[in-house]
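Trainee: Residue numbers (mature numbering (1 follows the signal peptide of the UniProt record, and there is no 0)): -20 to -1, 1 to 301. Backbone N, C-alpha and C define an ideal beta-carbon position, used for all residues, glycine too. Keep in mind the model is a prediction, meaning the values are calculated, not measured.
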Amino acid sequence: MNRRLFVLLLVLIAPLAIMAAPAATRGDELPYTHQEDVIYGRKFGTALTMDIFKPKRETNGAAIVLAVSGGFFSSHEAINPALVLPLTNRGYTVFTVVHGSQPRYTVPEIVEDMNRAVRFIRHHAADYGIDTNRIGVTGASAGGHLSLMLGTAGSQGDPNAKDPVDRESSRVQAVACFFPPTDLLNWGKTGKEMIRATDHDPRYRPAFDHRERDEKTALWVPITDPEKLRQIAHKISPIDHVTPDDPPTLMIHGDADPVVPVQQAQTMAEALKKAGVETKLIIKEGAGHGWLSILNDVNQFVDWFDAHLKKADASGDVKSP
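Right, dumping it as structure tokens:
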């Protein structure tokens, strides 16, 4: 599948990518600076990049990571200033992260990219004028899944890593996302598994085409063992990583979503609340996988971040990485 067709696919499956961006404006009139193609990592000779949007007026010292992802495909063409503006207007520095995409990379590899991005941001916090203890993450659909993976499975760095970036934590302090996949072992109802590539819509199958190296032939071959596939599904299901120290989480989901069942957000919210995590789920009646007024709901995300990424006081309200 060529790049143009994939970009079209992204437009079809990532509702946030189709929202109208602000009219073209001269750089000196924009309320933020825009730094493009900042390399946060490399793999197999490919640069992993992000764009950085920084308010021109006084910043609030907090950072928001925006996972640019639809169907686990990521593209710089899908970076939308309309999503960034509400955040920069409140003083946030926004990092729009482009990850390695399907069909080349699978979900576990993409999750690694997002962890790397947060580690990079934290390592360079002084350069960007942000507080390492005040990092939030947001995204929609696949981007929502990646946001929740950071929220539930972000981890401490390796103190012995050769690369100083990898010594940093990938934990975040707040999550806000739209219609996220959360549980591949209970998809829409209890016991319905989405563990094989063929279980998924053909558009998304490459992201779940898990492979392993054959020791005899040294070739990469598809994983067909159901138990191995279940283990991978467990690893990439945010609901299976919920713990009491997860960050405050807001989810917004339509109850008529034909792509990601609303049950995914409902059971995730239940699991988070059961663990004692501050959680809010907003269900949009009659809404599908995106809706025309979705930009208005981005403002609810900003309010959520305002409430949970305020500068830590003496009592240590904001969790450390």
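Mind reading off the beta-carbon distance from A154 to L289? Whole number of angstroms is fine, and I expect it under 8 angstroms.
Mentor: Contact holds; Cβ gap of about 5 angstroms.
Trainee: Tell me whether the beta-carbon of T73 lies closer than 9 angstroms to the beta-carbon of Y20.
Mentor: No.
Trainee: Between the alpha carbons of T13 and A43, how many angstroms are there, rounded?
Mentor: Rounded to the nearest angstrom, the two C-alpha atoms are 15 angstroms apart.
Trainee: Taking buried to mean at least 16 other C-beta atoms within 10 Å of its own C-beta, is V240 buried or exposed?
Mentor: Under this definition V240 is a buried residue.
Trainee: Buried or exposed: which applies to P160, given that a residue is buried once 16 or more other Cβ atoms fall within 10 Å of its Cβ?
Mentor: The residue is buried, with at least 16 neighbouring Cβ atoms inside 10 Å.
Trainee: Per DSSP, what kind of secondary structure is Y20 in: helix, strand or coil?
Mentor: Strand.
Trainee: I'd like the span of the alpha helix (DSSP H) that includes F285, first residue to last.
Mentor: Its alpha helix (DSSP H) spans residues I274 to H288.
Trainee: How would you write the range of the alpha helix (DSSP H) that V91 sits in, first residue to last?
Mentor: V91 -> alpha helix (DSSP H) spans V87 to H103.
Trainee: Here's the rule: buried if 16 or more other CB atoms are within 10 angstroms of the residue's CB, otherwise exposed. What is W284?
Mentor: The residue is buried, with at least 16 neighbouring Cβ atoms inside 10 Å.
Trainee: Compute the Euclidean distance between the alpha carbons of H214 and V18, then round it to the nearest angstrom.
Mentor: Their backbone Cα atoms lie some 32 angstroms apart in a straight line.
Trainee: Measure the C-alpha to C-alpha separation of T26 and V78 and round it to an integer number of angstroms.
Mentor: In a straight line, the C-alpha of T26 is about 12 angstroms away from that of V78.
Trainee: Spell out the partners DSSP gives E192 in its beta bridges.
Mentor: Answer is V201.
Trainee: Counting only the same chain and skipping the five closest in sequence on each side, list residues whose C-beta sits under 6 angstroms from that of V117.
Mentor: Taken in chain order, the residues that qualify are V45, S127, L130, V152 and V155.
Trainee: Thinking just about the alpha-carbon of each residue, which of G124, G234, K291 and D286 is nearest to the one in G268?
Mentor: Ranking G124, G234, K291 and D286 by Cα distance to G268 puts G234 first.
Trainee: Can you tell me whether DSSP reads V240 as helix, strand or coil?
Mentor: DSSP places V240 in coil when its eight states are reduced to three.
Trainee: Have a look at A172 and F52 and give me their C-alpha separation to the nearest angstrom.
Mentor: Before going further, note that residue 172 is Lys rather than Ala in the sequence given. If I take the Cα positions, the gap works out to 21 angstroms.
Trainee: Can you give the Cα-Cα distance for D194 and G41, rounded to whole angstroms?
Mentor: Approximately 48 angstroms between the Cα atoms of the pair.
Trainee: So, at 6 angstroms on beta carbons, what are the nonlocal neighbours of K169 in its own chain, with the 5 sequence-adjacent residues on each side left out?
Mentor: So the list is empty, once near-sequence residues are dropped.
Trainee: Going by C-alpha to C-alpha distance, which of G266, L28 and V222 sits closest to V242?
Mentor: Measuring from the Cα of V242, the nearest candidate turns out to be G266.
Trainee: At which residues does the alpha helix (DSSP H) containing M174 begin and terminate?
Mentor: M174 -> no alpha helix (DSSP H), and no H or E assigned at all.
Trainee: From the DSSP output, which residues share a beta bridge with Y108?
Mentor: In DSSP, Y108 forms no bridge with anything.
Trainee: What beta strand (DSSP E) runs, 3 residues minimum, are completely inside the region 34 to 82?
Mentor: Runs of the beta strand (DSSP E) inside the region 34 to 82: 43 to 48 and 73 to 78.
Trainee: Would N60 be called buried (16 or more neighbouring beta carbons within 10 Å of its own) or exposed?
Mentor: Buried: at least 16 other Cβ atoms inside 10 Å.
Trainee: Between F158 and S121, how many whole angstroms is the CB-CB distance? I'm expecting something under 8 angstroms.
Mentor: Indeed, because the Cβ distance is near 7 angstroms, the residues count as touching under 8 angstroms.
Trainee: Using only alpha-carbon positions, find the residue among T39, P11 and V48 that is nearest to T29.
Mentor: Comparing Cα-Cα distances from T29 to each of T39, P11 and V48, the minimum goes to V48.
Trainee: By a C-beta neighbour count over all protein chains shown, 10 Å radius and 16 as the cutoff for buried, is T178 buried or exposed?
Mentor: The residue in question, T178, is exposed, as its Cβ has fewer than 16 Cβ neighbours within 10 Å.
Trainee: Leaving aside the five residues before and after S54 along the sequence, list all residues of the same chain whose C-beta is less than 7 angstroms from its C-beta, in chain order.
Mentor: If we look at S54 and ignore the five residues flanking it on each side, its Cβ neighbours are V48, V78, H79 and S81.
Trainee: DSSP state of I216, grouped into three classes?
Mentor: The answer is coil: DSSP assigns I216 none of H, G, I, E or B.
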